[in-house]
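Trainee: Read left to right, the sequence shown gives residues 86 to 356 (this note's numbering).
All residues carry an ideal CB built from backbone N, CA and C; glycine is no exception.
Sharing a structure with you now.
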Amino acid sequence: MTDKDLLDQLRIDGDPKLSSRDTADTFGWERDEAEALFAEELVELVELQKKLFADKSASLLIVLQAMDAAGKDSTIRAVMSGLNPAGVDVQPFGVPTDEERGHDYLWRIHAHAPEDGYITVFNRSHYEDVLVVRVKGFVPEKVWKKRYDHIRNFEQMLADEGTHIVKIFLNVSEDKQKERFEERLERPDKRWKFRLGDLDDRALWDDYMDAYTDAIEKTSTDDAPWYVVPADKKWARNVCIARILRHHLEAIDPKYPDPDSEIDFDDITVT
Ligand code: AMP
Ligand code: MG
Numbered sequence: 086m087t088d089k090d091l092l093d094q095l096r097i098d099g100d101p102k103l104s105s106r107d108t109a110d111t112f113g114w115e116r117d118e119a120e121a122l123f124a125e126e127l128v129e130l131v132e133l134q135k136k137l138f139a140d141k142s143a144s145l146l147i148v149l150q151a152m153d154a155a156g157k158d159s160t161i162r163a164v165m166s167g168l169n170p171a172g173v174d175v176q177p178f179g180v181p182t183d184e185e186r187g188h189d190y191l192w193r194i195h196a197h198a199p200e201d202g203y204i205t206v207f208n209r210s211h212y213e214d215v216l217v218v219r220v221k222g223f224v225p226e227k228v229w230k231k232r233y234d235h236i237r238n239f240e241q242m243l244a245d246e247g248t249h250i251v252k253i254f255l256n257v258s259e260d261k262q263k264e265r266f267e268e269r270l271e272r273p274d275k276r277w278k279f280r281l282g283d284l285d286d287r288a289l290w291d292d293y294m295d296a297y298t299d300a301i302e303k304t305s306t307d308d309a310p311w312y313v314v315p316a317d318k319k320w321a322r323n324v325c326i327a328r329i330l331r332h333h334l335e336a337i338d339p340k341y342p343d344p345d346s347e348i349d350f351d352d353i354t355v356t
């Protein structure tokens, strides 16, 4: 499958049709093959990030959204490995603090938008304000309904000012989530990840899918596109995400800055 075919399949324009997407799609790859492809992609990502960091003329914002146990943390671990940590910022957004709640919902988000040269990953984001907030009824419908417009405008502003935006929904199945929750309950090294509230959210699965459908449909734009990535198989997921990121970094086309033209490099001796 060519890069273009893959990205066309993952990129959303309109209704994401979540209920009919295969969460375990492997795009014809065997596991070994996918792992080898991923390793190759990482080499490319490392080189592109070096240039982005040196160039300092644009930034990349990756918005990562998903249900619990869909693999947000493991995606970040896998895809960011090997990148220069000096140029990467991973920003989680949890339940807002009192101070954050006292402001508009974009206030805490904007403060963490990347500066030129950086790759920032939002682990959850302003989308929670049209997802959990909508599903749990934390604000009335007339309040959250207006937020899709705010979000589109906010992201367009960031894009117009030099931030490239990629939004990724890790699409995991209910069955796979159950399996991963059970693993979290069984394994002492994974229990710390489990919260009772996770089960409440799981019970509201269909409401979350409706909220995700609306959020994705209403905010996928040319400058801030949504991608829906099948997330049941981590090795296939990693290749998809690395390809999406490479595509966007190549579109930024970062370059090492020109050296100082006053310097005759061949004529200098370091003593
Ligand atoms: P996790 O990312 O699984 O560690 O958990 C973070 C929790 O914070 C999730 O249950 C989110 O639903 C919750 N959260 C994130 N943003 C908001 C928000 N704006 N309002 C309410 N809850 C939020
Ligand atoms: Mg969680």
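Could you pull the start and end residues of the beta strand (DSSP E) that asparagine 208 belongs to?
Mentor: Locating residue 208 in the sequence shown gives position 123, counting from the first residue. Looking at the DSSP string, the run of the beta strand (DSSP E) that includes asparagine 208 is 204 to 208.
Trainee: If we ignore side chains and look at the alpha-carbon of each, how far apart do glycine 167 and glutamate 226 end up?
Mentor: Walking along the sequence shown from the start, residue 167 turns up at place 82. Walking along the sequence shown from the start, residue 226 turns up at place 141. Going by the C-alpha atoms only, they are around 43 angstroms apart.
Trainee: Can you find a heavy atom of the ligand AMP that lies under 8 angstroms from the Cβ of leucine 216?
Mentor: For this step, residue 216 is matched to residue 131 along the sequence shown. Yes, the beta carbon of leucine 216 sits closer than 8 angstroms to at least one heavy atom of the ligand AMP.
Trainee: For serine 105, does the count of other Cβ atoms within 10 angstroms reach 16, so buried, or fall short, so exposed?
Mentor: The residue labelled residue 105 in the question sits at position 20 within the sequence shown. When all chains shown are included, serine 105 counts as exposed.
Trainee: Got a sec? Which residues, its chain only, sit under 6 angstroms from threonine 147 by beta carbon, not counting five neighbours each side?
Mentor: As a position in the sequence shown, residue 147 is number 62, starting the count at 1. Contrary to the premise, residue 147 reads as isoleucine rather than threonine in this sequence. Cβ neighbours of isoleucine 147 beyond the five flanking positions: Val206 and Val251.
Trainee: Thinking just about the alpha-carbon of each residue, which of Asp245, Gly222 and Glu259 is nearest to the one in alanine 296?
Mentor: For this step, residue 296 is matched to residue 211 along the sequence shown. When C-alpha distances from alanine 296 are compared across Asp245, Gly222 and Glu259, the shortest belongs to Gly222.
Trainee: Is the CB of tyrosine 341 under 9 angstroms away from at least one CB in chain B?
Mentor: In the displayed structure, chain B is absent; only one protein chain is listed.
Trainee: Can you tell which of Asn256, Gln241, Glu120 and Leu284 has the C-alpha that lies nearest to the C-alpha of leucine 103?
Mentor: Along the sequence shown, read from residue 1 onward, the residue named residue 103 stands at position 18. Among Asn256, Gln241, Glu120 and Leu284, the Cα nearest to that of leucine 103 belongs to Asn256.
Trainee: Tell me the DSSP secondary structure of valine 313 in three-state form.
Mentor: Numbered from its first residue, the sequence shown carries residue 313 at position 228. If DSSP states are grouped into helix, strand and coil, valine 313 belongs with the strands.
Trainee: Nearer than 8 angstroms: is that true of the beta carbon of proline 225 relative to any heavy atom of the ligand AMP?
Mentor: Locating residue 225 in the sequence shown gives position 140, where the first residue counts as 1. Answer for proline 225: no, Cβ out of range of the ligand AMP.
Trainee: Does the separation of the CB atoms of threonine 111 and alanine 244 fall below 9 angstroms?
Mentor: As a first step, residue 111 must be located in the sequence shown, where it is residue number 26. As a first step, residue 244 must be located in the sequence shown, where it is residue number 159. Cβ atoms of threonine 111 and alanine 244: not closer than 9 angstroms.
Trainee: How about glutamine 176 and asparagine 208: do their beta carbons lie closer than 9 angstroms?
Mentor: Within the sequence shown, numbered from 1, the residue matching residue 176 stands at position 91. Within the sequence shown, numbered from 1, the residue matching residue 208 stands at position 123. Result yes, Cβ atoms of glutamine 176 and asparagine 208 sit closer than 9 angstroms.
Trainee: Report buried or exposed for histidine 188, applying the criterion of at least 16 other Cβ atoms within 10 angstroms of its Cβ.
Mentor: As a working mapping, residue 188 is identified with position 103 in the sequence shown. Histidine 188 should be labelled exposed.
Trainee: Using the Cα positions of leucine 330 and leucine 130, report the straight-line distance between them to the nearest angstrom.
Mentor: In the sequence shown, residue 330 corresponds to position 245, counting from 1. In the sequence shown, residue 130 corresponds to position 45, counting from 1. Roughly 8 angstroms separates the two Cα atoms.
Trainee: Hey, is asparagine 323 close to the ligand AMP, as in C-beta under 8 angstroms from one of its heavy atoms?
Mentor: Along the sequence shown, one-based indexing puts residue 323 at 238. Flag unset: Cβ of asparagine 323 not near the ligand AMP.
Trainee: Around the C-beta of aspartate 117, are 16 or more other C-beta atoms found within 10 angstroms, so that it is buried, or is it exposed?
Mentor: Counted from its first residue, the sequence shown places residue 117 at position 32. With fewer than 16 other Cβ atoms from the protein chains shown falling within 10 Å of its own Cβ, aspartate 117 counts as exposed.
Trainee: Put leucine 149 into one of helix, strand or coil per three-state DSSP.
Mentor: Locating residue 149 in the sequence shown gives position 64, where the first residue counts as 1. The answer is strand: DSSP assigns leucine 149 an E or B state.
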